[in-house]
Structure formats: C-alpha cells, structure tokens
Amino acid sequence: MFGICYGGFWAVAAPMLTTLHGVGPTSAGLMGIPGAAGIFVARPAGRWTDRAGATPVVLTGICTMLAAWLFMGFGVWLILAVVIGAMLLDCGLRAAMVANQTLVNSAVPDSRARGNTIFGVHVWCGNAVGAYLTSWAFAHFGWLAVCGVAIAAMLIALLIHFGVLPVGKTPESASPAP
Numbered sequence: 065m066f067g068i069c070y071g072g073f074w075a076v077a078a079p080m081l082t083t084l085h086g087v088g089p090t091s092a093g094l095m096g097i098p099g100a101a102g103i104f105v106a107r108p109a110g111r112w113t114d115r116a117g118a119t120p121v122v123l124t125g126i127c128t129m130l131a132a133w134l135f136m137g138f139g140v141w142l143i144l145a146v147v148i149g150a151m152l153l154d155c156g157l158r159a160a161m162v163a164n165q166t167l168v169n170s171a172v173p174d175s176r177a178r179g180n181t182i183f184g185v186h187v188w189c190g191n192a193v194g195a196y197l198t199s200w201a202f203a204h205f206g207w208l209a210v211c212g213v214a215i216a217a218m219l220i221a222l223l224i225h226f227g228v229l230p231v232g233k234t235p236e237s238a239s240p241a242p
C-alpha cells in the first residue's frame, strides 16, 4: 500500500505540475527537494521503533501519508499543497519503512539478506502498481482521481493495520490449534 501511494505520486507529479500549474520539467524536478524530507525522519523513527516497537511507528506513517494525500487534493488549486504533501508523504513513508524493515529483520534473523530482498521486491512491486494505477487515473479522470487511488490505498493499509483485513493468514493459521 505504501508503494502505491509513493510510486503513484512520483509517476504523475511532473505531468500534473505541467498540466495544472504550467510548470516546466526543470521546476517539476525540483519537487524532489521537499520530497527528500524523509531523510530527517529515518533516524528518529528507528529510535522510536527500538523503544516502542514497530506498531505505533507504522500507524503514524500510515496517518502521515494519508494526511499527505488529503493535502495534495488541494494541489489542483495550490502548488504549495503539493509541496507540503510531498514532504509529508516522504516522512510518512520513511517512518513506516524503517519500522517495517525492523519487523522483517526480527522475523528472519538468520537470513536478513533474504528477508530484505523479499521486502524490497514487494516495495518496488507496490511502486510499479502505484505508477500504473495513478497514471491511468490521471490520464482518464485527473488529479483528484489520483488522490482518490492513494487515499483508498492508505485506508486499506489502516484496515490491515488494525486487523480488519487479515493478510497472510490461512483458515488453518487463523484459528488456534486444538
């Protein structure tokens, strides 16, 4: 879900800025500067994960990314909303990624490299799916549809986080052994 939101944004950021705000490719490329805000979040998120566990950090990341997309909905009218949204998006993603990577490493302590590889492949698959979905949404329905796709992904992430949508559980593993 994180990749859908993150990869989805970067796939359509330049065309959106050009179409809605008349920004050229060089100026659109400058969106990477506020989008790099997450580098300042990674270390504190790691410390917080070490102290409190991954759950509150992941939840904060999800909520921050959801807020980012709510902000970016106003990007139709205000370019500043996109700048602020890009900052929030990257901060939320970095926090959640640090916490999730900690979970992966603790789940497979004897094969961290394999766990990180599988984690990375899933993240990039999410980015690819996000790029496809948001590109299609932007081409057919515009920027607000892109925001809708990303907000839906974050709402699904919240449902998964709270266990409403169980992921990776078979009927046998979901029930306790007799």
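Each residue of the sequence shown is one higher than the one before, counting from 65 in the numbering used here.
Note that the Cβ used here is the ideal one computed from N, Cα and C, for glycine as well.
Please state if the CB of residue j and the CB of residue i are separated by a distance shorter than 9 Å.
i      : j      : result
Ala159 : Thr128 : yes
Ala116 : Ser199 : no
Tyr70  : Asn164 : no
Just to confirm the assignment, what range does the alpha helix (DSSP H) spanning residue i have?
i      : result
Ser170 : 143–171
Phe202 : 176–205
Report the rounded CA-to-CA distance for residue i versus residue j, giving the unit in angstroms.
i      : j      : result
Leu167 : Ala118 : 7 Å
Ser91  : His85  : 11 Å
Asn169 : Val122 : 15 Å
Gly72  : His204 : 15 Å
Ala216 : Ile68  : 10 Å
His186 : Asp174 : 20 Å
Leu144 : Ala109 : 26 Å
Met218 : Thr124 : 12 Å
Trp188 : Ile182 : 10 Å
Gly156 : Ile126 : 6 Å
Excluding the five sequence neighbours on either side, which residues of its own chain have a C-beta within less than 6 Å of the C-beta of residue i, listed in chain order?
i      : result
Ala201 : Ala209, Val210, Val213
Leu223 : Leu229
Met95  : Ala77, Ala150
Val55  : Examination of residue 55 is not possible in this model, given that the chain is present from 65 through 242 alone.
With a CB to CB cut of under 7 Å and the five nearest residues on each side skipped, what residues in its chain are close to residue i?
i      : result
Ala106 : Arg158, Val162
Trp207 : Met80, Leu84, Gly139, Val140
Ignore the nearest five residues each way along the sequence and tell me which others in residue i's own chain have a CB closer than 8 Å to its CB.
i     : result
Gly93 : Ala78
Stretch-stretch touch, CB-based, cutoff 8 Å, three pairs: the stretch 142–156 with the stretch 92–107 | yes
Report yes or no: do three or more beta-carbon pairs, one from the stretch 129–138 and one from the stretch 173–192, lie closer than 8 Å?
-> no
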